[in-house]
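J.:
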Amino acid sequence: MQHLTPWTGAGTSNLEYDDIAGVFTTKLIEYDYLSQDWRDRRPRYYFDVRSTSETWDSPFPMGSARYQKMRDLSSNDSVYIIARVFEMYTGAIDVKFYVNPLKLYRQRLIDFSADEYTVRPLS
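Take the sequence shown: its position 44, counting from 1, is numbered 155 in the working numbering, and each next residue is one higher.
Below is the structure:
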């Protein structure tokens, strides 16, 4: 790890992934997370992991700075994904992915509440 240097900038997400070969994008299209419009694109993916002890349909926090990052990073060249890990302290721990949350908001599948944003699944 001698080539790594200390990070001094602002964070964008918990994980970034460049889909150079298009394999991940193809899988997201296969499972209807993305439309066919993405087939020939090689986007950068930004994963934001949110974990709570609540059920999947309970609202969860998202700070205003993270909300603005999500808006800034959602483009024709990149995809923002919220990975919602829920029921953390039960034997039923699971994860739900919100691929392109701004699109899901426009489709009325999730909602954002202002100030310190709270994301509320609607379906």
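Virtual Cβ for every residue (Gly too), placed ideally from N, Cα, C.
1. Under the three-state reduction of DSSP, which class applies to Ser124: helix, strand or coil?
2. What residues are listed by DSSP as bridge partners for Pro232?
3. Give me, in chain order, the residues of the same chain whose beta-carbon lies closer than 8 angstroms to that of Leu233; leave out the 5 immediate sequence neighbours on both sides.
4. When you compare only the Cα positions, how much space is there between Thr166 and Glu198?
5. Provide the residue(s) that pair with Tyr191 in DSSP beta bridges, ordered along the chain.
6. Excluding sequence positions up to five away, which residues of its chain have a Cβ less than 7 angstroms from the Cβ of Val206?
7. Buried or exposed for Asp188, please, with buried defined as at least 16 other CB atoms from any protein chain shown within 10 angstroms of its CB.
8. State the beta-bridge partners of Ser146 as determined by DSSP.
T.: Walking through what the data contain:
1. Taking the sequence shown and counting its residues from 1, the one referred to as residue 124 is at position 13. Annotated three-state conformation of Ser124 is coil, per DSSP.
2. Start at 1 with the first residue of the sequence shown, and residue 232 comes out as number 121. Looking at the DSSP output, Pro232 shares a beta bridge with Ile221.
3. Locating residue 233 in the sequence shown gives position 122, where the first residue counts as 1. Contacts found: Arg219, Leu220, Ile221 and Asp222.
4. Locating residue 166 in the sequence shown gives position 55, where the first residue counts as 1. Locating residue 198 in the sequence shown gives position 87, where the first residue counts as 1. Roughly 6 angstroms separates the two Cα atoms.
5. The count along the sequence shown starts at 1 and reaches residue 191 at position 80. Tyr157.
6. For the purposes of this step, residue 206 is taken as the residue at position 95 of the sequence shown. Same-chain partners within the cutoff: Ala194, Arg195 and Val196.
7. For the purposes of this step, residue 188 is taken as residue 77 along the sequence shown, with counting starting at 1. Asp188 is exposed by the Cβ-count criterion.
8. Taking the first residue of the sequence shown as position 1, residue 146 is located at position 35. Paired residues: none, contrary to the question.
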